[in-house]
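A.B. asks: Handing you this structure, nothing more for now.
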Amino acid sequence: MPKVSTSIDLLWQLACREALAGCFAAIEPEHFCMALLKFSELPADQLERLSPNGGQAVKELAEDVQAVKRDIARLGVGSTQARRKLRASFGKGDAVYDGGEMHRSEKSRLLFDEAAREMDKAGSDVLTLRHLLAAITANPTPAIREVLLVGGQAVRDCGELPSWLSRWGTDLTAQAAKGELREEIGRATEAKSVLKALCATGRKGVFLVSDKSGSVDAVLACLALAVTKEMPCSDFRRLHIVDVTCKLRGGRPDQPPARFLHGILAEASQVDNLVLRLPDIEDIHQADTLLDVLKSAMTATVPLWVCRVAHEVYCQRIQRDAHWRRVATAVAVQNEIHESIPNEL
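Numbers in our numbering are just positions in the sequence shown, counted from 1, shifted up by 409.
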């Protein structure tokens, strides 16, 4: 047995509890998988209490848990839902606990042998949670396969995008899965409103009413993080949120705004499973032209979209427009907007 991290020692204890609760004679791979999923849900303050040595051990434990949390997110499953489903599908044994030490089953011993090989491939000399998760997903049992690999949809980059989307687009969902985004406190409710609007039948897009681009950035980061977890819409976790505004702030395309918007929408219609953040519409004098371009793109092939519009643009150009009332939803994402903005146009 190779040297193991503190997280593996603690994981073993959780897996042992799962086996005992299920009346099994030994710790099975499914119990280690349940424990891994549970581990990924632990908040930072609990990790500090769990670590017996404190100090550096707490830091290493937190890093190990964060790493495996990102790996689980990439599988496209919600850890709590998957853990409960696995526990229910694996069922119970008929062993009576005699008070002695719980050992691994033969299948679990083979699992740890595979994890040690994953450790060697990674060039590490300490066995961690990530090595064990890699071994579990490489050779899953039928129950684990159903929960982690069939029930989930792995979060990947969008892959090769058409030219303008490739140049100007940023895949927020992939960034969230890699742990590159952080959730801003207080934005979860707004993100849920956006998600609900995107899930609504017959809606093509969402106008995010805000005079500050940073507020919308925070909401979409929160939404992208939610997409990598448990989703209320069964197919939504397969979608990618691609933002074309991030790179626009560093330089403008050699195209008029209306032509650029038209080109981005045309390219986006060629990409499956996409939620596109469109360029912001904040200049009231350009709003009519840009909104006309967006209207003309409202075909069956247009992807779901979100677009930040200034409060003035919303009130004067969108709020009373019958077309937008049918196909879009407005969500306020800025606290200082005191006027009543309906959830739906």
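Even glycine gets a Cβ: it sits at the ideal position worked out from N, Cα and C.
List in chain order: all unbroken alpha helix (DSSP H) runs of 4+ residues lying wholly within the region 719-748.
C.D. replies: Correct list: 731-736.
A.B. asks: Taking residue 607 as the reference, which of 599, 535, 579, 714 has the closest Cα?
C.D. replies: The residue with the shortest Cα to Cα distance from residue 607 is 714.
A.B. asks: If I measure Cβ to Cβ from residue 585 and keep anything under 6 Å in the same chain, skipping five residues before and after, which residues do I get?
C.D. replies: Hits under 6 Å: 633, 634, 637.
A.B. asks: Beta-carbon within less than 7 Å of residue 450's beta-carbon, same chain only, minus the 5 sequence neighbours each way: which residues are those?
C.D. replies: Result list for residue 450: 488, 489, in chain order.
A.B. asks: Tell me the rounded alpha-carbon separation between residue 440 and residue 425.
C.D. replies: Rounded to the nearest angstrom, the two C-alpha atoms are 7 Å apart.
A.B. asks: Let me check understanding here. Comparing Cα to Cα, which of 437, 698, 649 lies closest to residue 553?
C.D. replies: The option with the nearest alpha carbon to residue 553 is 437.
A.B. asks: Residue 545 lies in the beta strand (DSSP E); which residues open and close that run?
C.D. replies: No beta strand (DSSP E) holds residue 545; the alpha helix (DSSP H) holding it covers 538-547.
A.B. asks: Count the other CB atoms within 10 Å of the CB of residue 613; is the residue buried (16 or more) or exposed (fewer)?
C.D. replies: Buried, by the Cβ-count rule.
A.B. asks: Taking only the alpha-carbon atoms, compute the straight-line gap between residue 741 and residue 604 and give it to the nearest angstrom.
C.D. replies: Going by the C-alpha atoms only, they are around 13 Å apart.
A.B. asks: Taking the CB atoms as reference points, tell me whether residue 672 and residue 679 lie closer together than 8 Å.
C.D. replies: Not a contact, by the Cβ cut-off of 8 Å.
A.B. asks: Could you tell me the boundaries of the beta strand (DSSP E) in which residue 651 lies?
C.D. replies: 649-652 is the span of the beta strand (DSSP E), which, as asked, contains residue 651.
A.B. asks: Buried or exposed: where does residue 756 fall if 16 or more other Cβ atoms within 10 Å of its Cβ makes it buried?
C.D. replies: The structure shown does not extend to residue 756, since the chain is modelled only from 410 through 754, so no value can be given for it.
A.B. asks: Where does the unbroken alpha helix (DSSP H) through residue 603 begin, and where does it stop?
C.D. replies: Per DSSP, residue 603 belongs to the alpha helix (DSSP H) from 597-608.
A.B. asks: Just checking my contact of residue 432 with residue 545 at CB under 8 Å: how many whole Å lie between their CB atoms?
C.D. replies: No, residue 432 and residue 545 are not in contact; Cβ-Cβ is about 22 Å, not under 8 Å.
A.B. asks: Rounding to the nearest angstrom, what Cα-Cα distance links residue 644 and residue 627 in this structure?
C.D. replies: Interpretation of residue 644 is limited by its pLDDT of 45, a score under 50 that renders its predicted location unreliable; the figure taken from the coordinates is listed afterwards. Near 23 Å, if we compare the C-alpha coordinates of residue 627 and residue 644.
A.B. asks: Below 8 Å on the Cβ atoms is my contact criterion, and I expect residue 687 with residue 653 to pass it. Report the Cβ-Cβ distance as a whole number of Å.
C.D. replies: Between residue 653 and residue 687 the Cβ distance is about 7 Å, and since that is below 8 Å, they are a contact.
A.B. asks: For residue 563 and residue 655, I'd like the C-alpha separation in whole angstroms.
C.D. replies: Residue placement at residue 563 cannot be trusted, given a pLDDT of 44 that sits under 50; what the coordinates show is reported in the next sentence. Each residue's alpha carbon lies about 25 Å from the other.
A.B. asks: What does DSSP give as the partner residues of residue 685 in its beta bridges?
C.D. replies: DSSP, once it has assigned bridges, lists 651, 714 as partnering residue 685.
A.B. asks: May I ask which residues mark the beginning and end of the alpha helix (DSSP H) holding residue 625?
C.D. replies: Looking at the DSSP string, the run of the alpha helix (DSSP H) that includes residue 625 is 622-636.
A.B. asks: Measuring alpha carbon to alpha carbon, tell me which residue in 434, 466, 538 is nearest residue 501.
C.D. replies: Per the Cα distances, 434.
A.B. asks: Which residue comes first and which comes last in the beta strand (DSSP E) that contains residue 615?
C.D. replies: Note, residue 615: beta strand (DSSP E), 614-618.
A.B. asks: In the DSSP assignment, find the unbroken alpha helix (DSSP H) run with residue 434 in it and report its ends.
C.D. replies: Run containing residue 434: none; DSSP gives neither H nor E here.
A.B. asks: Please determine, among 696, 620, 684, the residue with the shortest C-alpha to C-alpha distance to residue 629.
C.D. replies: When each option's Cα is compared against that of residue 629, the closest is 684.
A.B. asks: Which residue comes first and which comes last in the alpha helix (DSSP H) that contains residue 496?
C.D. replies: Run containing residue 496: 488-499, per the alpha helix (DSSP H) assignment.
A.B. asks: Quick check on residue 498: buried or exposed, where buried means 16 or more other Cβ atoms within 10 Å of its Cβ?
C.D. replies: The residue in question, residue 498, is exposed, as its Cβ has fewer than 16 Cβ neighbours within 10 Å.
A.B. asks: Report the rounded CA-to-CA distance for residue 639 versus residue 491, giving the unit in angstroms.
C.D. replies: For residue 639, the predicted structure reports a pLDDT of 49, less than 50, and the residue's modelled location is therefore unreliable. A value from the coordinates is still provided. In a straight line, the C-alpha of residue 639 is about 9 Å away from that of residue 491.
A.B. asks: Which whole-angstrom value is the C-beta distance of residue 722 and residue 693, which I expect to be below 8 Å?
C.D. replies: Residue 722 to residue 693, Cβ: 6 Å. Contact.
A.B. asks: Between the Cα of residue 587 and those of 481, 669, 414, spot the shortest distance and give me the residue it belongs to.
C.D. replies: If we check each option's Cα against that of residue 587, 481 comes out closest.
A.B. asks: By Cβ distance, which residues of its chain are closer than 6 Å to residue 599, with the 5 residues on each side in sequence left out?
C.D. replies: Same-chain partners within the cutoff: 628, 742.
A.B. asks: Flag this pair as yes or no: are the beta carbons of residue 448 and residue 486 separated by less than 8 Å?
C.D. replies: Result no, Cβ atoms of residue 448 and residue 486 do not sit closer than 8 Å.
A.B. asks: Is the distance from the Cβ of residue 631 to the Cβ of residue 589 below 8 Å?
C.D. replies: Not in contact: residue 631 and residue 589 (Cβ atoms no closer than 8 Å).
A.B. asks: Check the C-beta distance from residue 539 over to residue 476 and give it rounded, since I have them as a contact under 8 Å.
C.D. replies: Right, the Cβ-Cβ distance comes to about 5 Å (below 8 Å), so this counts as a contact.
A.B. asks: Given that a residue counts as buried once 16 or more other Cβ atoms are within 10 Å of its Cβ, and exposed if not, what is residue 649?
C.D. replies: It is buried - the Cβ of residue 649 has at least 16 other Cβ atoms within 10 Å.
A.B. asks: Taking the CB atoms as reference points, tell me whether residue 519 and residue 445 lie closer together than 8 Å.
C.D. replies: Contact: no.
A.B. asks: What does the alpha-carbon distance come out to for the pair residue 745 and residue 729?
C.D. replies: The predicted model places residue 745 with a pLDDT of 44, which falls under 50 and marks its position as unreliable, so this point remains unresolved.
A.B. asks: Output the boundary residues of the alpha helix (DSSP H) element that contains residue 702.
C.D. replies: Residues 693-705.
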